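Below: the structure, in structure tokens.
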Amino acid sequence: MKIENILPLDGEVLLYTDFFSKKDSDKLMFSLTKDIRWKQEPVTIMGKKIMQPRLTAWYGDEGKAYTYTGITMHPFSWTEDLIFIKEKIEKFSGYKFNSALLNFYRNGSDSVGWHRDNEKSLGTNPVIGSVSFGADRYFHFKHFKDQKLKRKILLTHGSLLLMKGSTQHWWLHSIQKEATVASSRINITFRTIF
Ligand SMILES: O=C(O)CCC(=O)C(=O)O
Ligand SMILES: [Fe+2]
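With our numbering as the guide, the letters of the sequence shown map in order to residues 1 to 194.
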């Protein structure tokens, strides 16, 4: 099977659909929904405190605190599900991860705005392993310099998306609201924090 880069230049994004079987994906969607310590967190944008339009959670190796816009986050310890998912991605990709940011999109009204995962603590060309369960949602890319240059792909139940090379330097990504989506979606981005 030949997997093609979704980006036309300046980065590498590879999609593996059905990375997890339907059976494992169904089980994981159910148990992660129930067991992860989901929280709706506030963010401060231009001096105004607003709630994020989704639930989040941060898990990782002990002692791997993460400073993000002035706030230091302490991750929860890996759960059995997260270790299972992490090890499957590590074995397949050859990369190792020490933390994971989890997102819970309750329905199509939840979203994540345009951003790059380019915090200093992720290093220069971060490799991010992103798995999705539940509702299908479109993942949008827009080139940072040439914002007319766009790509989108559907992230399906049990899929793995690998983002690497200079992707986080040159491309913004987002999950836009989708009025027609009624069910929930979980996304987990595995990262290495230095
Ligand atoms: O939900 C997704 O697929 C992406 C989430 C994301 O971009 C992030 O957590 O940085
Ligand atoms: Fe992101």
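Ideal placement from N, C-alpha and C gives every residue a C-beta, glycine not left out.
If you're wondering where the values come from, they're calculated on a predicted model, not measured in any experiment.
| Does ligand 1 have a heavy atom nearer than 7 Å to the CB of residue 189? | yes
| field | Proximity test, residue 140 beta-carbon vs ligand 2 heavy atom, cut-off 7 Å | value | no
| request: Mind checking who residue 42 pairs with in its DSSP beta bridge? | output: Answer is 51.
| task | Let me know the alpha helix (DSSP H) ranges lying completely inside the segment 68-135, each 4 residues or longer, listed in chain order. | result | 80-93
| request: Output the boundary residues of the beta strand (DSSP E) element that contains residue 143. | output: In this chain, the beta strand (DSSP E) harbouring residue 143 covers 137-143.
| ligand 1 heavy atoms versus the CB of residue 175: any closer than 7 Å? | yes
| task | Just mark residue 180 as buried or exposed, buried being the case when its beta carbon has 16 or more other beta carbons within 10 Å. | result | Using a 10 angstroms sphere on the CB of residue 180, the tally of other CB atoms stays under 16, which defines it as exposed.
| message | If distances are taken between C-alpha atoms only, which option among 97, 107 and 82 comes closest to residue 55? | response | 107
| field | For residue 150 and residue 141, believed in contact at Cβ under 8 Å, the rounded distance | value | 6 Å
| With distances taken from CA atoms, which of 58, 52, 177 and 170 is nearest residue 42? | 52
| Exposure label - residue 154; buried when at least 16 CB within 10 Å | exposed
| task | Tell me, please, whether the CB atom of residue 160 is closer than 8 Å to any CB atom in chain C? | result | Of the chains in the structure shown, none is chain C; there is only one protein chain.
| Using the C-alpha atoms, what's the distance from residue 38 back to residue 49? | 19 Å
| query | Between residue 10 and the rest of its own chain, which residues show a CB-CB distance below 6 Å, the 5 nearest in sequence each way excluded? | reply | Apart from sequence neighbours up to five positions away, the residues of its chain that approach residue 10 with a beta-carbon distance below 6 Å are 166 and 170, ordered along the chain.
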